[in-house]
Amino acid sequence: MRTKQGKPDKCKYCDSTRIIPGVNGSPSDNEIYTLKLQDKIALIGCFEIIKGCAIWACADCGEWVQDEAYLYDESNSELIQAYEDAVKNAVDNLEVLSETEMRKLIGFRFLRSYSREYLDDRIFELVKTTESFLIKTADGTKHEFVSNSLIPIDYFGMMDDYLGEEGTKEFAVWIHKKEREAVATRVASGKIQVKRKDIASSEGQSP
Ligand SMILES: [Zn+2]
Numbered sequence: 001m002r003t004k005q006g007k008p009d010k011c012k013y014c015d016s017t018r019i020i021p022g023v024n025g026s027p028s029d030n031e032i033y034t035l036k037l038q039d040k041i042a043l044i045g046c047f048e049i050i051k052g053c054a055i056w057a058c059a060d061c062g063e064w065v066q067d068e069a070y071l072y073d074e075s076n077s078e079l080i081q082a083y084e085d086a087v088k089n090a091v092d093n094l095e096v097l098s099e100t101e102m103r104k105l106i107g108f109r110f111l112r113s114y115s116r117e118y119l120d121d122r123i124f125e126l127v128k129t130t131e132s133f134l135i136k137t138a139d140g141t142k143h144e145f146v147s148n149s150l151i152p153i154d155y156f157g158m159m160d161d162y163l164g165e166e167g168t169k170e171f172a173v174w175i176h177k178k179e180r181e182a183v184a185t186r187v188a189s190g191k192i193q194v195k196r197k198d199i200a201s202s203e204g205q206s207p
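With UniProt numbering applied, the sequence shown covers 1 to 207.
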């Protein structure tokens, strides 16, 4: 029998120790949304937390802790205590963000999430169009996001805001459970290029 403890020490997928509690709130709740954006909580996609629900998630790779010892179980007092403390701690330490900071953070999260999806292949570009924006991957494939889809037109603007005046930012991204360094650069007005730093980029220049 394994000894049960309240909170997992680390993520078994990526070894990160940033384990955060899952909360079943609505993203329309400002406080919940802000905490989620800051990686202080994860959102559980079920209506009710019942026995067997995963309640801990990794802030770095986004995986839920599925180890049986850490699934919700009302009879496990250590688990419940640690979980409730973690939720309370997150809520008590809520950092309220200005609208500008919020836009940058949302922009960063979009860049990171597209990077998880498209940076496998070393490089991709985001290009603003009149309709919205599109993603061009290294092999020339285009993914278009139009303003009437679920992706609002302004998401490109938020990513651009994140890059700030200097026009470039480096960030970590988990790709296939490995941490990679990415660099996003505004290469022209309305054009953002994202590259992996760990792969030599002699052919990285894009017309
Ligand atoms: Zn992880």
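Backbone N, C-alpha and C fix where the C-beta goes; we use that ideal spot for every residue, glycine too.
For clarity, every value in this text was computed on a predicted model and none was experimentally measured.
Taking DSSP as the reference, what is the three-state secondary structure of residue i?
| i | result |
| --- | --- |
| residue 106 | helix |
| residue 167 | coil |
| residue 2 | The pLDDT assigned to residue 2 is 46, lower than 50, so where the model puts this residue is not dependable, and the model offers no usable value. |
| residue 100 | helix |
| residue 192 | strand |
| residue 17 | coil |
| residue 69 | helix |
| residue 137 | strand |
| residue 82 | helix |
| residue 40 | coil |
So, are the CB atoms of residue i and residue j less than 7 Å apart?
| i | j | result |
| --- | --- | --- |
| residue 70 | residue 8 | yes |
| residue 118 | residue 124 | yes |
| residue 49 | residue 24 | yes |
| residue 103 | residue 173 | no |
| residue 293 | residue 137 | Residue 293 lies beyond the range of the chain shown here (1 to 207); nothing can be said about it. |
| residue 128 | residue 14 | no |
| residue 186 | residue 167 | yes |
| residue 11 | residue 53 | no |
Heavy atom of ligand 1 less than 6 Å from the Cβ of residue i, yes or no?
| i | result |
| --- | --- |
| residue 70 | no |
| residue 53 | no |
| residue 13 | yes |
| residue 67 | no |
| residue 16 | yes |
| residue 214 | Since the first residue shown for the chain is 1 and the last is 207, residue 214 is missing from the structure and cannot be characterised. |
| residue 63 | yes |
Would you decide whether residue i is buried or exposed? Buried here means 16 or more other CB atoms lie within 10 Å of its CB.
| i | result |
| --- | --- |
| residue 107 | buried |
| residue 77 | exposed |
| residue 206 | Because the pLDDT at residue 206 is just 45, under 50, the model does not fix this residue reliably, and the value given afterwards should be weighed accordingly. By the 10 Å Cβ count, residue 206 comes out exposed. |
| residue 195 | buried |
| residue 115 | buried |
| residue 87 | buried |
| residue 199 | exposed |
| residue 60 | buried |
| residue 47 | exposed |
| residue 203 | Note that residue 203 scores a pLDDT of 49, beneath 50, so its modelled location is shaky; the value from the coordinates is reported in the next line. Under this definition residue 203 is an exposed residue. |
| residue 146 | exposed |
| residue 85 | exposed |
| residue 67 | exposed |
| residue 169 | buried |
Check whether the segment 184 to 193 touches the segment 155 to 173, taking contact to mean three or more Cβ pairs, one atom from each stretch, closer than 8 Å. yes
I want to know whether the segment 84 to 95 touches the segment 31 to 40 - three or more CB-CB distances under 8 Å. yes
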